[in-house]
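To keep things clear, I will list the structure first and then write my remarks on it.
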Amino acid sequence: MARLRRGSPALIRDLNRSAVLALIGTQGPISRAEIARRLSLSAATVTEVTRDLVADGLIRVVDQAPSNGGRPGLLLGLVAEAAQALGVKIAPDHLAIVRVNLDGEVLAGREESFDALASDAVEQLAGRLRAAIEDAAGTRLLGIGLGVAGIVDARGIVEAPILGWRQVALGPTLREQIGLPVLIDNDVNTLAVAERLYGRGREAEHFLTVTIGRGVGLGIVVGGDLYRGARGGAGEFGHVTVVADGPRCTCGKHGCLEALVADPALVRQGVEAGLLAPDGSLAAGIERLRALADAGDPGARRIFAQAGAVLGRAVGGLINVLSPQLVLVSGEGTSAWPHLVGAFEDEVARGTFAPLRGVAIEVDPWDDAKWARGAAALVLRATFSAPLYERQIEDSVRDRLAGVVTEPESGQRSGHTARGQILVTGTA
Ligand SMILES: [Zn+2]
Numbered sequence: 001m002a003r004l005r006r007g008s009p010a011l012i013r014d015l016n017r018s019a020v021l022a023l024i025g026t027q028g029p030i031s032r033a034e035i036a037r038r039l040s041l042s043a044a045t046v047t048e049v050t051r052d053l054v055a056d057g058l059i060r061v062v063d064q065a066p067s068n069g070g071r072p073g074l075l076l077g078l079v080a081e082a083a084q085a086l087g088v089k090i091a092p093d094h095l096a097i098v099r100v101n102l103d104g105e106v107l108a109g110r111e112e113s114f115d116a117l118a119s120d121a122v123e124q125l126a127g128r129l130r131a132a133i134e135d136a137a138g139t140r141l142l143g144i145g146l147g148v149a150g151i152v153d154a155r156g157i158v159e160a161p162i163l164g165w166r167q168v169a170l171g172p173t174l175r176e177q178i179g180l181p182v183l184i185d186n187d188v189n190t191l192a193v194a195e196r197l198y199g200r201g202r203e204a205e206h207f208l209t210v211t212i213g214r215g216v217g218l219g220i221v222v223g224g225d226l227y228r229g230a231r232g233g234a235g236e237f238g239h240v241t242v243v244a245d246g247p248r249c250t251c252g253k254h255g256c257l258e259a260l261v262a263d264p265a266l267v268r269q270g271v272e273a274g275l276l277a278p279d280g281s282l283a284a285g286i287e288r289l290r291a292l293a294d295a296g297d298p299g300a301r302r303i304f305a306q307a308g309a310v311l312g313r314a315v316g317g318l319i320n321v322l323s324p325q326l327v328l329v330s331g332e333g334t335s336a337w338p339h340l341v342g343a344f345e346d347e348v349a350r351g352t353f354a355p356l357r358g359v360a361i362e363v364d365p366w367d368d369a370k371w372a373r374g375a376a377a378l379v380l381r382a383t384f385s386a387p388l389y390e391r392q393i394e395d396s397v398r399d400r401l402a403g404v405v406t407e408p409e410s411g412q413r414s415g416h417t418a419r420g421q422i423l424v425t426g427t428a
């Protein structure tokens, strides 16, 4: 974890400081002796670095290690109030924005209307972000995380058909206009990161977050961190073909999982069964179908049960491939979960290879703020873990936490260190 390089004493001190902070962030509370052992640093160096970090208000003594007869060791942890991050979930018609502290605790949140299809949508978004940054004036803001329903590459280029965005250079544009580190990912990935950092995934090194609703999404955590695949597209579970020559999907293929179990598919089936009027909105249709199922309508119940079975079979396949400890089911579609769960569980059990059966499956109530919190978690994660996105962007988040950047970077990407060095902290 320690980055050993030749360099000036000041540079080495900055690197040690970053490494110590990262270790406390991921493994804390932790003793000085353990830090020295894990980073191969001398006790004197650790004492000096941690004394500075305590003096700067970034870490504090949070507990004492149990004593084995000798003097108990003091355990160091992060100071949650030391820094903050912004998280935004971008939906087609609104933004959910939250501000969190280092522990991921939500300090402020709001929802604003937004038109993703507008020709100046990115400029509008930049304006909203600037306003949110102003609201956070006086705090050490590490960066902004954004969650979008689409595929996002390591630089922040977004392909999100649901927002009408084709190859939008969202990351580079926002970094240029805002002058803060901006990290962007698929919104289901941001949810998985949030679960890993401070949700039910804290205790699980390997887990899946499956979301249902308007579409079907998947976040994959393996070995304790998010798996994004070669092009950032890992988790396009909704576009796994489950029925040959099945209904046409929005992606152009036929028989995708999403084309059978997502809300538009359920409403279409409700119309075909004569349960719903053919001209209603998607939201009204799904609500009506759920109300019919709640009231015991056998046709409506059959539609949900069939969807539960198809989804369960597909999740059984995921369990066979990835062997997770835990599967979390989330998304607005879980409001109909009582009508899905029976058939879902039967098919998961039937579709799972016997030695891998018995994986815990939990349903997570859905709300927008949680997804936004997940987006903020991209920033917090960057302070503690190996880079997932373009390395320099995540390094700039780390530098901000370590206090290397002392001036707000109004549109530029270099900052003056306390010792007068110029440190490049980001890139467009
Ligand atoms: Zn598809």
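Using the numbering used here, the first residue of the sequence shown is number 1, and each one after it goes up by one. For glycine and all other residues, C-beta sits at the position ideal for the given N, C-alpha and C. Note that the coordinates shown come from a computational prediction; the quantities given were computed from them, not determined experimentally.
Residue environment, residue i, which counts as buried when at least 16 other CB atoms sit within 10 Å
i	result
Val46	buried
Ala91	buried
Gly217	buried
Phe237	buried
Pro408	Legend: pLDDT at Pro408 = 45, less than 50; position of this residue unreliable, no value from coordinates given.
Asn320	exposed
Glu362	exposed
Gly138	exposed
Arg37	exposed
Asp135	exposed
Gly374	buried
Asp395	buried
Alpha carbon of residue i to alpha carbon of residue j, nearest angstrom
i	j	result
Pro115	Arg17	For the record, residue 115 in the displayed sequence is Asp; it is not Pro. If I take the Cα positions, the gap works out to 43 Å.
Ser385	Asn186	18 Å
Gly459	Thr352	Outside the shown range of the chain (1 to 428) lies residue 459, about which nothing can therefore be said.
Arg210	Val148	For the sequence presented, residue 210 should be read as Val rather than Arg. Their backbone Cα atoms lie some 16 Å apart in a straight line.
Ala22	Pro9	20 Å
Ser335	His94	21 Å
Gln392	Leu340	44 Å
Ala271	Trp337	One detail in the question is off: residue 271 reads as Val in this sequence, not Ala. So the alpha carbons of these two residues sit roughly 21 Å apart.
Leu322	Glu111	36 Å
Pro51	Ser40	The question names Pro, but residue 51 in the sequence shown is Arg. If I take the Cα positions, the gap works out to 18 Å.
Thr406	Leu197	In this predicted model, Thr406 has a pLDDT of only 48, less than 50, meaning its place in the structure is not dependable; the value taken from the coordinates is given anyway. Rounded to whole angstroms, Thr406 to Leu197 spans 27 Å at the Cα level.
Leu276	Gly215	20 Å
Ala55	Asp399	17 Å
Residue i - DSSP class collapsed to helix/strand/coil
i	result
Gln64	strand
Val435	This structure cannot speak to residue 435, because the chain is shown only from 1 to 428.
Leu226	strand
Lys253	coil
Glu390	coil
Glu195	helix
Leu218	strand
Ala360	strand
Glu34	helix
Val79	coil
His339	helix
Trp371	helix
Phe353	coil
Thr211	strand
Cβ-Cβ distance between residue i and residue j below 8 Å
i	j	result
Ala85	Gly171	no
Arg60	Val88	no
Ala446	Ala96	Since the first residue of the chain shown is 1 and the last is 428, residue 446 is not available in this structure.
Val98	Gly109	yes
Ala126	Leu174	yes
Phe207	Gly201	yes
Ile178	Arg130	yes
Val188	Gly235	yes
Any non-hydrogen atom of ligand 2 closer than 7 Å to residue i Cβ
i	result
Gly358	As far as ligands go, the structure on display features ligand 1 and does not contain ligand 2.
**Report entry** Residues whose Cβ lies closer than 5 Å to any heavy atom of ligand 1, in chain order
**Finding:** His239, Cys249, Cys251, Lys253, Cys256
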